[in-house]
Amino acid sequence: MKKLDQKIAVVTGASRGIGQGIALSLAKEGANLALADISLETLEETKKLIEAEGVKVSTYEIDVNDENKISTTFKKIASDFGTIDIAVNNAGVIGIHKTVEMTAADWDKIQSVNARGVFLCAKAELEVMLPQKSGTIINVASIAGKKGMKLLAAYCASKFAVVGFTNALALEVADTGITVNALCPGIVGTGMWRGDDGLAKAYANDGESEDASWERQQKTLLPQGVAQTPEDMGNLAVFFATSPHVTGQAISVDGGFGM
Ligand SMILES: NC(=O)c1ccc[n+]([C@@H]2O[C@H](COP(=O)([O-])OP(=O)(O)OC[C@H]3O[C@@H](n4cnc5c(N)ncnc54)[C@H](O)[C@@H]3O)[C@@H](O)[C@H]2O)c1
231 MKKLDQKIAV
241 VTGASRGIGQ
251 GIALSLAKEG
261 ANLALADISL
271 ETLEETKKLI
281 EAEGVKVSTY
291 EIDVNDENKI
301 STTFKKIASD
311 FGTIDIAVNN
321 AGVIGIHKTV
331 EMTAADWDKI
341 QSVNARGVFL
351 CAKAELEVML
361 PQKSGTIINV
371 ASIAGKKGMK
381 LLAAYCASKF
391 AVVGFTNALA
401 LEVADTGITV
411 NALCPGIVGT
421 GMWRGDDGLA
431 KAYANDGESE
441 DASWERQQKT
451 LLPQGVAQTP
461 EDMGNLAVFF
471 ATSPHVTGQA
481 ISVDGGFGM
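Here the working numbering is used: the first residue of the sequence shown is 231, the next is one more, and so on.
Here is the structure:
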């Protein structure tokens with residue numbers, strides 16, 4: 231018997247990176263998975279990985295900015311699988327800007343995916359979870375939801391919002407059987423750090439390569455000296471999903487970054 235046998239989990243932003251790692255960890259513990267992302271094609275790789283674990287898996291196209299689509303998609307997931315037990319609101323974007331150069335549109339884009347998107351998904355999840363009086367909501371925030379980081383004012387604001395929202399919502403539903411927690415990654419080598427427009431490049435010194443910058447960031451920002459992995463995030467998601475009396479927490483998996 232696995233820890234999450236027969237449970238139904240939804241993960242947004244499940245195509246790659248942290249979302250893929252969390253989906254895989256939940257599947258390894260026996261959960262059936264509804265994978266959601268901005269396009270269906272990008273979910274194929276994660277779908278294959280999950281299928282190999284022998285659990286049920288379906289894919290759904292959602293833009294976490296689209297209020298109507300979110301509501302109908304979560305209803306469809308609940309109808310396809312019978313319910314939703316675990317919901318991981320992971321979809322997010324980064325935006326790297328000096329504040330003096332940032333436009334209102336830059337700011338709005340980051341808030342709308344990272345903060346408004348988490349709110350809209352949680353609302354749709356509650357519509358399923360409140361009547362059944364059970365469920366686990368996991369909002370993926372960041373260490374940037376607890377401390378400032380250079381060139382990330384809008385991103386930090388969005389992730390502080392996720393932590394505050396998580397705390398308030400956990401209180402609001404504390405007596406309903408639903409838990410709400412935030413998972414705060416530190417540094418993971420996904421597109422957000424290693425992509426063409428990623429942080430390793432943005433934080434590079436003059437003449438420093440992206441690879442060298444990435445190595446340096448890990449050594450200088452992290453007391454443990456090494457980046458975390460999507461699997462690390464999956465482990466915490468499994469912990470939240472199996473801990474009915476842990477709620478309203480924002481737990482970091484950050485190699486000591488926040489100390
Ligand atoms: N990588 C890190 O070091 C790090 C650190 C702290 C927090 N995080 C957070 O972890 C989460 C996952 O990030 P990641 O590093 O895996 O990044 P990533 O860019 O590899 O993955 C993000 C996923 O979200 C999806 N997505 C983006 N906008 C969407 C939208 N509007 N609707 C639906 N899906 C959308 C993308 O298609 C992608 O699959 C994000 O919330 C991010 O802010 C990442």
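By construction, the Cβ of each residue, glycine as well, lies at the ideal position given by its N, Cα and C atoms.
Distance cut-off 8 Å: residue i Cβ against heavy atoms of ligand 1
i	result
G249	yes
Y433	no
M422	yes
K278	no
N295	yes
P361	no
R246	yes
T419	Checking the displayed sequence, the identity of residue 419 turns out to be Gly instead of Thr. Yes, the beta carbon of G419 sits closer than 8 Å to at least one heavy atom of ligand 1.
C386	no
N465	no
A266	yes
I314	no
N320	yes
A374	yes
A480	no
I292	yes
T459	no
V343	yes
K389	yes
I324	yes
P415	yes
V403	no
V370	yes
Residues near residue i in its chain [Cβ-Cβ closer than 8 Å; skip 5 each side]
i	result
Q458	P415, G416, I417, V418, V483, D484, G485
K305	A354, E357, V358
Nonlocal neighbours in the same chain, by C-beta distance under 7 Å from residue i, ignoring five residues either side
i	result
N465	S255
T477	A400, A404, T409, V410, N411
K232	E259, G260
W423	I417, L429, A430, W444
E281	V287
K377	G488
D426	none
6 Å Cβ shell around residue i - same chain, five flanking residues per side excluded
i	result
A391	A345
S364	G407
L279	L254
N397	G478
D462	V483
I238	N262, F311, T313, I314, D315
Residue i vs residue j beta-carbon contact at 9 Å
i	j	result
S288	I316	no
I268	E291	yes
V323	I340	yes
T242	A266	yes
H327	A384	yes
N295	A244	no
T420	I252	no
V348	F395	yes
N369	A387	no
T472	L234	yes
A442	A371	no
G437	Q448	no
L350	E297	yes
T333	F470	no
A257	E283	yes
Below-9 Å beta-carbon distance, residue i vs any chain B residue
i	result
P361	Any reference to chain B falls outside this structure, which holds one protein chain only.
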